[in-house]
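Visitor: Just so we're aligned, residue 4 is where the sequence shown starts under our numbering, counting upward by one. Take this structure, written in structure tokens, and hold onto it; I'll ask about it next.
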Amino acid sequence: MKNWTYIFVYGQLRRGMNHPMQNLLVRHATYLGTGYFQGKLYDLGRYPGAVHSRSPKDRVIGDIYRIDEAAHVIGHLDEYEGRRFTREEVSVRVDHEDQIRCWAYLYTRATFGRVRIPSGDYIEYCQSLARV
């Protein structure tokens with residue numbers, strides 16, 4: 004039985020965002036659907052950043068992928084995300100019932116003065132700003 008690796012993406016790597024790094028997921032991962040984890044999402048300028056939250060009302064919405072070549076994909080994503088983000092395992096809810104443990108890249112810097120994205124949905128936020 005294969006031990007799968009899952010990744011949760013909430014920003015420019017989401018489906019439909021048309022980012023070059025998204026091609027890595029298209030080639031080496033299987034899209035499973037959308038979900039959310041308990042956190043807050045912030046606009047950092049050209050991309051968002053997510054942090055943990057203590058409130059169950061706070062949600063970060065994103066896409067879940069099952070990675071087919073974990074070492075290859077994770078290595079590239081670690082390099083792409085850089086030092087401003089750290090890869091952590093988060094519990095992602097799917098269909099309000101099931102949970103899956105996924106890797107996610109969380110923002111490591113202070114969020115003071117950053118604009119919070121209340122919906123937790125970066126695609127929706129970008130559409131409201133006509134960025135997509």
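Glycine included, every Cβ here is placed at the ideal spot set by N, Cα and C.
Under the rule that 16 or more other beta-carbon atoms within 10 Å means buried, what is Trp106, buried or exposed?
Guide: Working through the sequence shown from its first residue, we reach residue 106 at position 103. Counting other Cβ atoms within 10 Å of its Cβ, Trp106 reaches 16 or more and is therefore classed as buried.
Visitor: Whether or not the region 121-133 and the region 95-104 are in contact is what I'm after, with contact meaning three or more pairs of Cβ atoms, one per stretch, closer than 8 Å; do they touch?
Guide: no
Visitor: What residue from Asp71, His79, Asp66 has the CA that sits closest to Arg17's CA?
Guide: As a working mapping, residue 17 is identified with position 14 in the sequence shown. The closest CA to that of Arg17, considering only Asp71, His79, Asp66, is found on Asp66.
Visitor: Does any residue of chain D bring its CB to less than 8 Å from the CB of Glu91?
Guide: The structure shown contains no chain D, having only a single protein chain.
Visitor: Nearest by alpha-carbon distance to Arg69: which of Ala32, Gly48, Arg119 is it?
Guide: To locate residue 69, count along the sequence shown from 1; it is residue 66. The candidate whose alpha carbon is nearest that of Arg69 is Ala32.
Visitor: Please name the residue, chosen from Trp7, Leu80, Gly52, Val29, that lies closest to Ile2 on a Cα-to-Cα basis.
Guide: Absent from the structure is residue 2, since the part of the chain shown begins at 4 and ends at 135.
Visitor: Of the choices Tyr34, Leu27, Gly38, whose alpha-carbon is the least far from that of Ser94?
Guide: The sequence position of residue 94 within the sequence shown is 91, counting from 1. Answer by Cα proximity: Gly38.
Visitor: Compute the distance between the beta-carbons of Tyr50 and Gln15, then report whether it is under 8 Å.
Guide: Taking the first residue of the sequence shown as position 1, residue 50 is located at position 47. Taking the first residue of the sequence shown as position 1, residue 15 is located at position 12. Yes, these two residues count as a Cβ contact at 8 Å.
Visitor: Strictly by DSSP, which residues pair up with Ala113?
Guide: Position 110 of the sequence shown, counted from the start, is the residue given in the question as residue 113. In the DSSP output, where bridge partners are listed per residue, Ala113 has none listed.
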